[in-house]
Amino acid sequence: MAAHYLDFERPIADLESKIEELSRLSETAGPGAFDLEIQALRDRAQELRKEAYANLDAWQKTMVARHPERPHLRDYVAGLIDEFVELRGDRKFADDQAIVGGLGRFRGQPVVVMGHEKGHDTTTRLKHNFGMARPEGYRKAVRLMDMAERFSLPVITFVDTAGAYPGLGAEERGQAEAIARSTERCLTLGTPMVATIVGEGGSGGAIALAGANRVLILEHSIYSVISPEGAASILWRDGARAKDAATNMRITAQDLIKLGIVDRIVDEPAGGAHSNTEVAIQAVGDAVEEELKAMAHMSAQQLREQRAERFYAIGRAGLQ
1 MAAHYLDFER PIADLESKIE ELSRLSETAG PGAFDLEIQA LRDRAQELRK EAYANLDAWQ
61 KTMVARHPER PHLRDYVAGL IDEFVELRGD RKFADDQAIV GGLGRFRGQP VVVMGHEKGH
121 DTTTRLKHNF GMARPEGYRK AVRLMDMAER FSLPVITFVD TAGAYPGLGA EERGQAEAIA
181 RSTERCLTLG TPMVATIVGE GGSGGAIALA GANRVLILEH SIYSVISPEG AASILWRDGA
241 RAKDAATNMR ITAQDLIKLG IVDRIVDEPA GGAHSNTEVA IQAVGDAVEE ELKAMAHMSA
301 QQLREQRAER FYAIGRAGLQ
């Protein structure tokens, strides 16, 4: 499958196209014919990639967070969770596949794991509704958190959604109430909870799985109350000004940690998580493991109090 390049990656795409062309020529010209030229181009492409990703603006980070080759929930489960058993349904209406969750072992420790799944091709994107959950998805999340507390299991969540599904059927089945109940259950959970924003964290659809003791975010992920396009449409009645909205909303990981909305940034490989998914997944796993170990000694009441204090503190910096 052809690589997907973002607009600011065009110079890198041109170089890698030349590398492919020289590689094909070397097959006919004999082994080693263009090795020096190919290596020089690869080195230059890597330099350009590092430079580009070291200076991304908010809108470019939004594009990276939405990159179709970025690792999704299924990839994190495959790379970090052993003996995963998916649990389906909300016991009330249906099974929503925008949120996938179940039981497994994270580096030897039994856990409940869940998150948004966007899919990776047309078939799976439709199956998972592009990661936009309906009410039954959030009610499934509540059911899984109830189970986690009953059996004293830590909860690990992976957030990656443009927002909750805004369709008529979802509204008729109580979308807002379902999101509120899921958010409430996160905040009242008596076991450790670590949430990681691995792509796009959009609106209430994201916070419903991110009311955690510790909220991590990948270096080029975003987290916002509304999409930049939505904000631009409301503020200026012009969705084309999404870049301006992204800049002013302060939705990048670097802005969010200054505001106290997230607790830790997880570094991505040069070129973004999609450039080396295995390294990105293991980096997330290492960070989650450290956070869970730090909370291992805390009682249920201490966990609830820490979580409450964390969220009460947002927006209060500098008010003293």
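Residue 1 is where the sequence shown starts when you use the working numbering, and the numbers rise one by one after that.
Think of the CB as a built atom: it goes at the ideal place given N, C-alpha and C, for glycine as much as any other residue.
Fair warning: this is a prediction, and the values are worked out from it, not measured in the lab.
Proximal residues to L319 (C-beta, below 8 Å), its chain only, five neighbours per side dropped:
Within the sequence shown, residue 319 is the residue found at index 319, counting from 1. Note that L319 scores a pLDDT of 45, beneath 50, so its modelled location is shaky; the value from the coordinates is reported in the next line. Hits under 8 Å: none found.
Would you report the Cα separation of E309 and L187, rounded to the nearest angstrom?
Locating residue 309 in the sequence shown gives position 309, counting from the first residue. Locating residue 187 in the sequence shown gives position 187, counting from the first residue. Rounded to whole angstroms, E309 to L187 spans 11 Å at the Cα level.
Checking 8 Å against the spacing of the C-beta atoms, do Y5 and A270 come in under that value?
By 1-based counting over the sequence shown, the position of residue 5 is 5. By 1-based counting over the sequence shown, the position of residue 270 is 270. Contact flag unset, no.
Any non-hydrogen atom of the ligand ZN closer than 7 Å to D57 Cβ
The ligand ZN is not among the ligands present in this structure, which contains no ligands whatsoever.
Tell me the DSSP bridge mates of F158?
On the sequence shown, position 158 is the one that residue 158 refers to. Answer is G115, T196, bridged to F158.
Quick one: what does DSSP say P135 is sitting in, helix, strand or coil?
For this step, residue 135 is matched to residue 135 along the sequence shown. Correct three-state label for P135: helix.
To the nearest angstrom, report how far apart D238 and K18 are at their CA atoms.
Within the sequence shown, numbered from 1, the residue matching residue 238 stands at position 238. Within the sequence shown, numbered from 1, the residue matching residue 18 stands at position 18. Taking the straight line joining both Cα atoms gives about 39 Å.
Below 7 Å CB to CB, which residues in the same chain sit around L153 once its five sequence neighbours on both sides are set aside?
Mapped onto the sequence shown, residue 153 falls at position 153. Counting only Cβ-Cβ distances below 7 Å, and skipping sequence neighbours, we find P110, V111, V112, T191.
Can you name, in chain order, every residue of its own chain whose Cβ lies under 6 Å from the Cβ of M1, other than the five neighbours on each side?
Looking up residue 1 in the sequence shown gives position 1. With a pLDDT of 45 at M1, under the threshold of 50, the modelled position of that residue is not reliable, and no figure is offered here.
With 16 as the cutoff for other CB atoms within 10 Å, does E268 come out buried or exposed?
On the sequence shown, residue 268 is found 268 positions in, with the first residue counted as 1. Buried: at least 16 other Cβ atoms inside 10 Å.
Distance, Cα to Cα, E177 vs A280?
Position 177 of the sequence shown holds residue 177. Position 280 of the sequence shown holds residue 280. Whole-angstrom Cα-Cα distance: 34 Å.
Does the region 215–226 come close enough to the region 79–93 that 3 or more CB-CB pairs lie under 8 Å?
no
Taking only runs that begin and end inside the region 46–124, name each unbroken alpha helix (DSSP H) of 4 or more residues, in chain order.
58–65, 73–80
Mind checking whether G202 and S221 have CB atoms under 8 Å apart?
The sequence position of residue 202 within the sequence shown is 202, counting from 1. The sequence position of residue 221 within the sequence shown is 221, counting from 1. No. Outside cutoff.
Backbone CA spacing between L256 and L15 [nearest angstrom]
Taking the sequence shown and counting its residues from 1, one reaches residue 256 at position 256. Taking the sequence shown and counting its residues from 1, one reaches residue 15 at position 15. Taking the straight line from one Cα to the other gives about 34 Å.
Taking the runs of the alpha helix (DSSP H) that are 4 residues or longer, which of them lie wholly in the region 246–294?
253–259
For M1, name the three-state secondary structure that DSSP assigns.
Locating residue 1 in the sequence shown gives position 1, where the first residue counts as 1. Residue placement at M1 is poorly supported in this model, since its pLDDT is 45, which falls under 50; the coordinates still yield a value, given next. It is coil, neither helix nor strand.
For H297, count the other beta carbons within 10 Å of its own beta carbon; 16 or more makes it buried, fewer makes it exposed. Which is it?
As a working mapping, residue 297 is identified with position 297 in the sequence shown. Exposed: under 16 other Cβ atoms inside 10 Å.
If we ignore side chains and look at the alpha-carbon of each, how far apart do V64 and A242 end up?
As a first step, residue 64 must be located in the sequence shown, where it is residue number 64. As a first step, residue 242 must be located in the sequence shown, where it is residue number 242. Distance between the alpha carbons of V64 and A242 is about 15 Å.
Hey, how far is the Cα of Q301 from the Cα of H116?
For the purposes of this step, residue 301 is identified with residue 301 of the sequence shown, where counting begins at 1. For the purposes of this step, residue 116 is identified with residue 116 of the sequence shown, where counting begins at 1. Each residue's Cα considered, the two are about 28 Å apart.
Evaluate the contact criterion for the region 131–145 versus the region 94–102: three or more CB pairs, one atom per stretch, below 8 Å.
yes
Quick check on E278: buried or exposed, where buried means 16 or more other Cβ atoms within 10 Å of its Cβ?
Counted from its first residue, the sequence shown places residue 278 at position 278. E278 is exposed by the Cβ-count criterion.
Touching by the beta-carbon criterion (3+ pairs, under 8 Å), the region 227–238 and the region 280–296
no
Beta-carbon proximity check, A162 vs M114, cutoff 8 Å:
Start at 1 with the first residue of the sequence shown, and residue 162 comes out as number 162. Start at 1 with the first residue of the sequence shown, and residue 114 comes out as number 114. Result no, Cβ atoms of A162 and M114 do not sit closer than 8 Å.
Which residue from N129, G119, V284, I251 puts its Cα closest to that of G79?
Along the sequence shown, one-based indexing puts residue 79 at 79. The residue with the shortest Cα to Cα distance from G79 is V284.
Residues bridged to G202 (per DSSP):
Taking the sequence shown and counting its residues from 1, the one referred to as residue 202 is at position 202. In the DSSP output, where bridge partners are listed per residue, G202 has S224.
Report the partner residues of L235 according to the DSSP bridge assignment.
Sequence index remark: in the sequence shown, residue 235 carries index 235 (1-based). Paired residue(s): none; L235 is not in a bridge.
Which two residues bound the contiguous beta strand (DSSP E) that contains I217?
The residue you call residue 217 lines up with position 217 of the sequence shown. Its beta strand (DSSP E) spans residues 214–218.
Sub-8 Å separation of V266 and A206 beta-carbons
For the purposes of this step, residue 266 is taken as residue 266 along the sequence shown, with counting starting at 1. For the purposes of this step, residue 206 is taken as residue 206 along the sequence shown, with counting starting at 1. It is not a contact, given that the beta carbons lie outside the stated cut-off.
CB-CB length for E9 against H274, believed under 8 Å
Position 9 of the sequence shown holds residue 9. Position 274 of the sequence shown holds residue 274. Actually they do not touch by this definition, with Cβ atoms about 11 Å apart.
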